[in-house]
Structure formats: structure tokens, C-alpha cells
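Per my numbering, numbering through the sequence shown is continuous, rising by one, with the last residue being 230. Virtual Cβ for every residue (Gly too), placed ideally from N, Cα, C. Since the model is a prediction, treat every value here as computed from it, not as a measurement. Step one of this worksheet: look at the structure below.
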Amino acid sequence: MPFSKNLSLCKICLSLIGFFSFFLNVTTGYTTDTKDPMSIWPKPEKGFKQIVIQLPHLQDEDLYRVELIPEKTLKADCNHIMINGTIETKPLTGWGYEYYVLSQIGQPASTRMACFPQTTELKQIAIHTNLKFLRYNSKLPLVIYTPKDIHLSYRVWSAGELKNAE
């Protein structure tokens with residue numbers, strides 16, 4: 065008799081595990097048979113492109129940070145041009161990951177020096193954003209969405225030697 069009670073209890077537990085596994089799959093969209101790991105990220109909106117940066121593995125990655133540097137190509141003379149922008153951090157729903165969107169780009173501002181000779185050339189102008197440094201993580205790609213006419217560079221920063229304050 066006790067054996068049949070345990071068997072019934074096991075059947076109920078297995079049924080519940082199966083139900084919750086199905087429920088999690090349906091609500092989060094998580095599947096283990098994803099052939100393209102990038103398919104979990106949203107498709108770029110019209111006028112945008114998706115940039116994926118896969119960082120190489122480093123020892124002690126907590127000592128490193130990543131700086132994103134969006135740039136716009138403009139005709140410029142000898143004056144210094146400044147552009148401000150906003151990078152939003154957005155959650156990847158159901159996964160716990162984040163991605164980044166260059167959502168706003170301000171109008172260029174320039175110094176007003178007299179340039180001799182008065183010639184212009186195409187230059188990459190850095191867009192100064194609110195986002196300074198990202199955590200270095202080689203296990204997940206950095207996924208960034210920018211307008212199609214924006215070039216994206218990045219820089220890896222490392223911590224220097226720890227010094228005592230006296």
C-alpha cells in the first residue's frame with residue numbers, strides 16, 4: 065500500500081514539473097534548441113542597424129571596462145565640433161540581458177574660429193553620450209542599435225595598480 069501512494073505522488077510531481085516547464089517555455093520564449101544565438105535579440109527598427117561586439121576572454125575581467133564611442137561623419141573645417149547623444153539601456157525581456165540603443169543624437173555645435181585656408185573635409189565626429197563605461201563580459205555579446213549613418217568604435221579600459229592613500 066505505501067508503495068502505491070509513493071508512486072501516485074511521483075506521478076503528480078512529474079506532471080507538475082512538466083506543466084511548469086511548458087509554462088516557462090511559453091512565457092519567456094526560452095528554448096534550448098535555438099540554432100542562431102542572435103535570434104533572441106530584437107530586429108533593428110527601420111533606419112537602425114544592429115552592431116554585435118564579442119569581447120575576447122581576459123583574466124580577471126572585473127578589472128576592465130568598455131567605452132562605446134558612436135561617431136558621425138560630417139564635413140568639417142578647422143573648428144571643433146561637438147555632438148551630444150543618449151544611449152538607452154534596455155532589458156531583453158525574459159532573458160535578463162541588456163542591450164543598448166543610441167536613441168537621440170543632438171545637433172552639432174561648433175566653435176567659430178576663422179579657418180585659413182577655408183577648406184572642409186569629411187571627419188568622424190565623436191558623439192558624447194550619457195553612457196560612460198560598461199562592464200567587461202566576454203560571456204555575452206554587447207548588442208547595440210544605432211542609426212544606419214553612425215559608425216561605432218569601442219575602447220577597452222583597464223584598472224591600474226592599486227595604490228594606498230595616505
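Item to check | Exposed unless 16 or more other CB atoms sit within 10 angstroms - verdict on T193 | outcome: For the purposes of this step, residue 193 is taken as residue 129 along the sequence shown, with counting starting at 1. Buried: at least 16 other Cβ atoms inside 10 Å.
Checklist entry - Does DSSP put L226 in a helix, in a strand, or in coil? => result Your numbering for residue 226 matches position 162 in the sequence shown. L226 falls in the coil class under three-state DSSP.
Checklist entry - So what does DSSP say about T92, is it helix, strand or coil? => result For the purposes of this step, residue 92 is taken as the residue at position 28 of the sequence shown. With a pLDDT of only 43 at T92, under the threshold of 50, the placement of this residue in the model should not be trusted, and no figure is reported.
Checklist entry - How big is the Cα-Cα spacing for G160 and I104? => result As a position in the sequence shown, residue 160 is number 96, starting the count at 1. As a position in the sequence shown, residue 104 is number 40, starting the count at 1. Those two C-alpha atoms are separated by around 12 Å.
Item to check | Pick from K154, P181, Q188, S217 that is closest to V165, judged by C-alpha positions | outcome: Looking up residue 165 in the sequence shown gives position 101. That would be K154, whose Cα lies nearest to the Cα of V165.
Checklist entry - How far does the beta strand (DSSP E) with P172 in it reach, from first residue to last? => result For the purposes of this step, residue 172 is taken as the residue at position 108 of the sequence shown. Note, P172: premise wrong, no beta strand (DSSP E); not H, not E.
Checklist entry - What's the gap between the Cα of L132 and the Cα of F112? => result Residue numbering aside, residue 132 sits at position 68 when the sequence shown is read from its first letter. Residue numbering aside, residue 112 sits at position 48 when the sequence shown is read from its first letter. If you take the alpha carbons of L132 and F112, they lie about 17 Å apart.
Checklist entry - In or out: D213 buried (at least 16 other Cβ within 10 Å) or exposed? => result In the sequence shown, residue 213 corresponds to position 149, counting from 1. It counts as exposed.
Item to check | N- and C-terminal bounds of the beta strand (DSSP E) containing K187 | outcome: The residue labelled residue 187 in the question sits at position 123 within the sequence shown. Where K187 is concerned, the enclosing beta strand (DSSP E) stretches over 185 to 193.
Checklist entry - If you scan the segment 90 to 159 from start to end, which runs of the beta strand (DSSP E) of 3 or more residues do you find wholly inside it? => result Residue ranges of uninterrupted beta strand (DSSP E) with 3 or more members, entirely inside the segment 90 to 159 and ordered along the chain, are 112 to 117, 128 to 140, 145 to 156.
Checklist entry - Between the segment 119 to 131 and the segment 202 to 209, do at least 3 Cβ pairs fall closer than 8 Å? => result yes
Next on the checklist: Judging by CA-CA distance, which residue of L198, A173, P181 is the nearest neighbour of A190?
Outcome noted: Position 126 of the sequence shown, counting from 1, holds the residue named residue 190. The option with the nearest alpha carbon to A190 is A173.
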